[in-house]
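If you're matching positions, the sequence shown starts at 2 in this note's numbering and goes up one per residue. Just so you know, even glycine gets a beta-carbon here, dropped at the ideal spot from N, CA and C.
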Amino acid sequence: MLSVKRRGLLLGAGIVVSSLAGCLGNRSGETNDSNNPENTTEEDNAITYEQCPDMFVSLDDLPKPAKEEANTAIENGVYETDGELILNEVLSIEESYLLATGRYYNMTVTTDDGVTRLRSEEVVPKEATLPVIDNGMETDVTVDLRIEHEGSLLLEDTITLRARSETALTDGNDYPYGQYRATLKIQTGGEVHEEEVTWSETSVEKPDQIVIHSDGVGWAGPDPRPDRDWCSWNDEGGLVEDDDDEIRE
């Protein structure tokens, strides 16, 4: 959700952009009767799956047995099996985030006395990319900049932009996904006015540019992430290409 709010100077245009109980089973299809995944068959469990190389993987696109394992871990806190863990085949447990209903999860695996346990933890990935500030005017400007994330101060700085130039705000720090607000006090030609820009950053959407014009501030973006093609699998366990670039929530 994106918006631009003016204070002290009227904008030419406004912008708004907007059950399981604990499960014990094995790869051969034998499971605890009190919590048997209803639709998983022995044939499902015999498939060898190609691993998704992506950092973000959608729960909805997982193969059926891996989705049942992950769902149980998310809903109950843990999934247990005395066989092989299929989720560990389809994604990199240590490097991937699982996206489910708009939330991100880290999954961890432990093995003790022959029992493998899959656990989930809801997290906020620190993979955000701050926007570029672009001076679209023919004169130099000085900007007192303040950026907040979810109400907490992340960045405060004064920058000078030459005419028709731009600068990236990313400074090497790791910034989390979520809601951002930037306040800009812009000094040009002896005048000072204040602008406010807000945006949201997720695994499927990133900010582009805050553009300074003579009549205010505009916004270029947000952009879909160009590499966001979600992994999915065919019936033989191989990866297939997803062409719909659907936003997952």
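Query, Result
"According to DSSP, which residues form a beta bridge with Ile48?", "Looking at the DSSP assignment, Ile48 forms no beta bridge with any residue, so it has no partner."
"Going by CA-CA distance only, name the one from Thr140, Ala221, Pro126 that's closest to Gln180.", "Pro126"
"Here's the rule: buried if 16 or more other CB atoms are within 10 angstroms of the residue's CB, otherwise exposed. What is Pro208?", "buried"
"Out of Leu156, Arg118, Thr112, point me to the one whose CA is closest to Asn77's CA.", "Arg118"
"Taking only three categories from DSSP, how would you classify Glu76?", "helix"
"Identify whether Leu88 lies in helix, strand or coil by the three-state DSSP scheme.", "helix"
"Put Glu123 into one of helix, strand or coil per three-state DSSP.", "strand"
"Can you find the residues in the same chain that come closer than 6 Å, C-beta to C-beta, to Glu31, ignoring five residues on each side of it along the sequence?", "With a pLDDT of 39 at Glu31, under the threshold of 50, the predicted position of this residue should be treated as unreliable, though the coordinate-derived value follows. Counting only Cβ-Cβ distances below 6 Å, and skipping sequence neighbours, we find nothing."
"Put Glu167 into one of helix, strand or coil per three-state DSSP.", "strand"
"Given that a residue counts as buried once 16 or more other Cβ atoms are within 10 Å of its Cβ, and exposed if not, what is Leu63?", "buried"
"By a C-beta neighbour count over all protein chains shown, 10 Å radius and 16 as the cutoff for buried, is Thr203 buried or exposed?", "buried"
"How many angstroms separate the CA atom of Glu149 from the CA atom of Asn235?", "43 Å"
"Look at the alpha carbon of Glu39 and the alpha carbon of Thr111, and state the distance between them as a whole number of angstroms.", "Because the pLDDT at Glu39 is just 49, under 50, the model does not fix this residue reliably, and the value given afterwards should be weighed accordingly. Using only the alpha carbons, I get a separation of about 25 Å."
"Take Gly239 as the anchor and find which of Val91, Gly103, Val79, Leu60 has the nearest alpha-carbon.", "Val91"
"Could you check whether Leu60 and Ser100 sit closer than 8 Å to each other, using their CB atoms as the reference points?", "Checking the sequence shown, residue 100 turns out to be Leu, not Ser. Cβ distance < 8 Å, so Leu100 and Leu60 count as in contact."
"Contact between the stretch 183–190 and the stretch 103–110 is defined here as three or more beta-carbon pairs at a separation below 8 Å; is this criterion met?", "no"
"Once the 5 residues before and after Asn27 are set aside, which same chain residues still bring their CB inside 7 Å of it?", "Unreliable positioning characterises Asn27 in this predicted model, as indicated by a pLDDT of 42, which lies under 50. The coordinate reading is nonetheless provided below. Hits under 7 Å: Thr82, Asp83, Gly84."
"Excluding five sequence neighbours on each side, which residues of the same chain lie with their C-beta closer than 8 Å to the C-beta of Tyr98?", "Met56, Phe57, Val58, Tyr105, Tyr106, Asn107, Val124, Pro126, Ser204"
"Taking C-beta to C-beta, are Asp158 and Ile213 nearer than 8 Å?", "no"
"Determine whether the beta carbon atoms of Ala252 and Ile211 lie at a separation below 8 Å.", "Outside the shown range of the chain, which is 2 to 250, sits residue 252, and nothing can be said about it."
"Which whole-angstrom value is the C-beta distance of Ala164 and Thr140, which I expect to be below 8 Å?", "5 Å"
"Where does Leu146 fall in DSSP's three states?", "strand"
"What residues in its chain sit with their C-beta under 7 Å from that of Ala67, if we drop five residues either side in the sequence?", "Ile87, Leu88, Val91"
"Buried or exposed: Gln52, going by 16 or more other Cβ atoms within 10 Å of its Cβ?", "exposed"
"Let me confirm a value: Leu154 is counted as buried when at least 16 other C-beta atoms fall within 10 Å, else exposed. Which label applies?", "exposed"
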